[in-house]
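So the structure is just underneath, and the comments pick up after that.
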Amino acid sequence: MGPLVPQEIIGADWNLFIAFAIGIGFGFVLEQAGFSSSRKLAGMFYGYDTVVLKVFFTGAITAMLGLLFFSLFGWIDLNLIYVNPTFLGSAIVGGVIMGAGFIIGGFCPGTSVCAAAIGKIDAMIFIGGIFLGIFFFAEGYPLLKDFYMSGSMGPLKVSDVFGISGGVLALIVIITAIVMFKLGELAEKRWPREEY
Amino acid sequence: MTIRNIIFIGLILLGVVIAMVPENTTKPYKLTAEDMLVEVQGAAEMVTADEVAHWLVSKDPSLQLIDVRTPDEFQKYHLEGAINIPISVILKDENRDYVDQGIKMNVLYSNGTIGSHQAWMILRQLGFENNYVMQGGLNYWFDTIMNPQKPASTSPDEEFAKYDFRKAASGVFGGGSGVALTAPTQSKADKPKVKRKKKKKAPAGGC
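As given, the protein sequences belong to chains A and B, one line each in that order.
Following the working numbering, the numbering of the first sequence begins with 193 at its first residue and continues without gaps.
Following the working numbering, the numbering of the second sequence begins with -14 at its first residue and continues without gaps.
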């Protein structure tokens, strides 16, 4: 049956509308989780607030179990699901830059838009920074291109790298998540902060 | 026990279930039995030997003949420009690009209709487009195109036109007596349309 758009069960023209609806929902959840507060997000790195970890792990587990069970019931063909290609070198450097920006700015790109929507001025400046980054990256692309494309590994799945089935990996991720939840709560007790 | 712990245990149980079941049970067949019944009754997958002859003579670039017989039979005789994909290996990965594509019009043939139609049934159920079957296969090809029989004098004009074309085509394919190639019997409108395959677009995402 699924995925709906690649199988042309619904037209590709619906892509943008569906993305819009999901985007609204995503923003709503981010806001409800309190992610429009840069202190809450930065708390992840200082240990006094680990809600970010919990929300994203929960989201990942929900999507993962949903896809695997849908596949089990024959509702979706996982071979047609788009998997982001891996470029190892640029992914590591990009991750470090993103993480640094996350700690310094207190937002990730999605949450900065959320926070700007409720009028946070620091988030608006953060978005300005995002656009500056996009501009300089685009202008400097010819210089960065070789590195950007290095370490290409194709559309890689973690389960394939370790040679285990997607289901076993899912179980490992679930157990990891629960352990991380507990560790996060220990960290919150260890490095508490009164007001933030 | 707190609600949290119940949720944790539930998640672990779901994880255990998903770890133990087979990976991807999505059926590769895209068409249901009912879909196939409609397709088979419509017989839109059938092309005649005359149509194939016409496409060959006019060197139609979208035509791809696929011989589904054994390599031995293919060696002995095959139609011009045909490639050999025996039915036993039709599902192999290396043949995937030939049978699942949106550029060419594949015409499958075997000695009769059965072998090529078996191959077509499998490919069609997998959802592949642009595959057709040459009706009657090579046997019919030899009877009609290579050795055309003169129609009875009372036959309608179309029969004679067909006969003339076959006679001329057989000359091109190296059989019978060469007569200058005259008008083809098929109009261009009869040609099945190649269904373009949509390319998957790369969505982008992030937090």
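Where is the CB? At the ideal position from N, CA and C, for every residue including glycine.
- One finds SER357, GLY359, VAL360, ALA362 and LEU363 in chain A with Cβ atoms closer than 8 Å to the Cβ of ALA4 of chain B, taken in chain order.
- One thing to note: PRO133 of chain B has its Cβ no nearer than 7 Å to the Cβ of GLU144 of chain B.
- Its Cα nearest to that of GLY376 of chain A, the residue A:VAL247 stands out among A:VAL247, A:GLY266 and A:PHE294.
- Residue nearest to LEU108 of chain B within the set B:GLU24, B:LEU(-4) and B:VAL6 is B:GLU24 (criterion: CA-CA distance).
- Scanning its chain for C-beta atoms nearer than 8 Å, with the 5 sequence neighbours on each side dropped, one finds around TRP383 of chain A the residues TYR238, GLY239 and TYR240, in chain order.
- In the three-state scheme derived from DSSP, where H, G and I count as helix and E and B as strand, ASN(-10) of chain B is classed as helix.
- Beta-bridge pairing by DSSP links TYR117 of chain B to B:VAL92.
- Collapsing the DSSP output to three states places MET341 of chain A in coil.
- At a cut-off of 7 Å between beta-carbon atoms, ILE(-12) of chain B makes no contact with chain A.
- In the displayed model, VAL32 of chain B falls within a strand according to three-state DSSP.
- Close to LEU(-1) of chain B, with beta-carbon spacing below 7 Å, are these residues of chain A in chain order: LEU257.
- For PHE113 of chain B, the closest Cβ of chain A is not nearer than 7 Å.
- Per DSSP, the beta bridge partners of PHE279 of chain A are A:SER344.
- Taking a contact to require three or more Cβ pairs closer than 8 Å, the segment 82 to 93 of chain B and the segment 42 to 51 of chain B qualify as touching.
- Following the DSSP letters along the chain, one finds LEU76 of chain B in no alpha helix (DSSP H), marked with neither H nor E.
- For ASP52 of chain B, the enclosing beta strand (DSSP E) starts and ends at 48 to 52.
- Residue pairing from DSSP places ASN69 of chain B in a beta bridge opposite B:ASP52.
- Cβ proximity to chain B below 8 Å picks out nothing from the segment 221 to 238 of chain A.
- The Cβ of LEU(-4) of chain B sits closer than 7 Å to at least one Cβ of chain A.
- Around the beta-carbon of ARG181 of chain B, fewer than 16 other beta-carbon atoms lie within 10 Å, marking it exposed.
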